[in-house]
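Taking this note's numbering, the leading residue of the sequence shown gets 1, the next gets one more, and so forth. Think of the CB as a built atom: it goes at the ideal place given N, C-alpha and C, for glycine as much as any other residue. I have placed the structure first, in the form of structure tokens, so that the comments after it can refer back to it.
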Amino acid sequence: DANSQIYIWGAQVEQQSYPTSYIPTSGMSVTRVAEFCNKTSIPSLIGQTEGVFFLDFVYTGLYDNSLSFLTRLAEDNTNTNRVGIYSLRGSDALRAFCNSNNVSQFDAQIGSLVVGQRYKVAMRYKINDFSIYLNGTNVYTNTSADVPLVLNDYVLGNVPNTSQFSNFCNINQATLFDQALTDTELETLTTI
Numbered sequence: 001d002a003n004s005q006i007y008i009w010g011a012q013v014e015q016q017s018y019p020t021s022y023i024p025t026s027g028m029s030v031t032r033v034a035e036f037c038n039k040t041s042i043p044s045l046i047g048q049t050e051g052v053f054f055l056d057f058v059y060t061g062l063y064d065n066s067l068s069f070l071t072r073l074a075e076d077n078t079n080t081n082r083v084g085i086y087s088l089r090g091s092d093a094l095r096a097f098c099n100s101n102n103v104s105q106f107d108a109q110i111g112s113l114v115v116g117q118r119y120k121v122a123m124r125y126k127i128n129d130f131s132i133y134l135n136g137t138n139v140y141t142n143t144s145a146d147v148p149l150v151l152n153d154y155v156l157g158n159v160p161n162t163s164q165f166s167n168f169c170n171i172n173q174a175t176l177f178d179q180a181l182t183d184t185e186l187e188t189l190t191t192i
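Given below as structure tokens:
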């Protein structure tokens, strides 16, 4: 009717199919910069002897670097103690790795990525009990690997300030568990 009004404030138009965080524009157009997510010096929040990290993402196939980490737990930015999942440019291979005390425990291909496809991946780490589930299927098991000695940092993407994952994949959910989950729980968690 002619007497009603509506006021809208803080609207933000999105080009993608999902919402992003609010970008204050102060009256002019602003472009979002590449994002990365990391939390350092949090050993009390990361299972030091066992745990699971889970990632739900859509693969875009665009890379900022020749090596794109999806997620990893690490002692610091060195290769000494870390565990994670990554992809190499040009191969679209999804890989998982673990280093403990500067010794590689494994580096294995766990799948192949297809542009535009959604993936749910979870890795259980526990001494002599590593399992990786991808889209509801156990794709890797290792019964002889050690857990990294120290895990202080949780990182989504590459080393902070060197390359971001925002072009490589669209993250729907990232979760860190400080205890190992069962195979049944991992299968349920990763089923699409």
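Pick from the options that is closest to residue i, judged by C-alpha positions
{"i": "PHE53", "options": "GLY111, SER87, LYS126", "result": "LYS126"}
{"i": "LEU186", "options": "SER131, ILE85, ASP76, ILE46", "result": "SER131"}
{"i": "ALA30", "options": "ASN38, ILE46, PRO43, VAL13", "result": "The residue you asked about is not Ala; residue 30 is Val in the sequence shown. That would be VAL13, whose Cα lies nearest to the Cα of VAL30."}
{"i": "THR40", "options": "THR49, LEU73, GLY51, PRO24", "result": "LEU73"}
{"i": "SER26", "options": "THR49, TRP9, PRO148, GLN173", "result": "TRP9"}
{"i": "GLY116", "options": "ALA108, VAL139, ALA122, ASP92", "result": "ASP92"}
{"i": "TYR133", "options": "LEU181, ILE23, ASN79", "result": "LEU181"}
{"i": "PHE106", "options": "TYR119, GLY90, TYR140, ARG118", "result": "TYR140"}
{"i": "TYR119", "options": "LEU55, ASN3, ASN128", "result": "LEU55"}
{"i": "ALA196", "options": "ILE23, LEU45, SER144", "result": "This structure cannot settle anything about residue 196, because the visible part of the chain is limited to 1 through 192."}
Own chain, CB closer than 6 Å to residue i, minus 5 neighbours either side, in chain order
{"i": "THR191", "result": "GLY136"}
{"i": "VAL83", "result": "LEU73, CYS98, TYR125, PRO148"}
{"i": "LEU94", "result": "SER87, ILE110, GLY111, LEU113"}
{"i": "VAL150", "result": "GLU75, ASN81"}
{"i": "ASP153", "result": "THR40, ALA74"}
Cβ-Cβ separation, residue j to residue i (assumed contact under 8 Å), whole Å
{"i": "VAL147", "j": "THR71", "result": "Going by Cβ atoms, the distance from VAL147 to THR71 rounds to 16 Å, so no, they are not a contact pair."}
{"i": "MET123", "j": "ILE85", "result": "7 Å"}
{"i": "GLU179", "j": "GLY51", "result": "Looking at the sequence itself, residue 179 is Gln, so the reference to Glu does not match. With 8 Å as the limit, GLN179 and GLY51 qualify as a contact, their Cβ atoms being about 6 Å apart."}
N-terminal and C-terminal residue of the alpha helix (DSSP H) that residue i is part of
{"i": "ASP183", "result": "183-190"}
Terminal residues of the beta strand (DSSP E) in which residue i lies
{"i": "ASP153", "result": "153-156"}
{"i": "GLY111", "result": "103-112"}
{"i": "LEU45", "result": "Careful: LEU45 lies outside any beta strand (DSSP E) and carries neither H nor E."}
{"i": "ALA122", "result": "118-126"}
Own chain, CB closer than 8 Å to residue i, minus 5 neighbours either side, in chain order
{"i": "ALA2", "result": "none"}
{"i": "ILE42", "result": "ASN152, ASP153, TYR154"}
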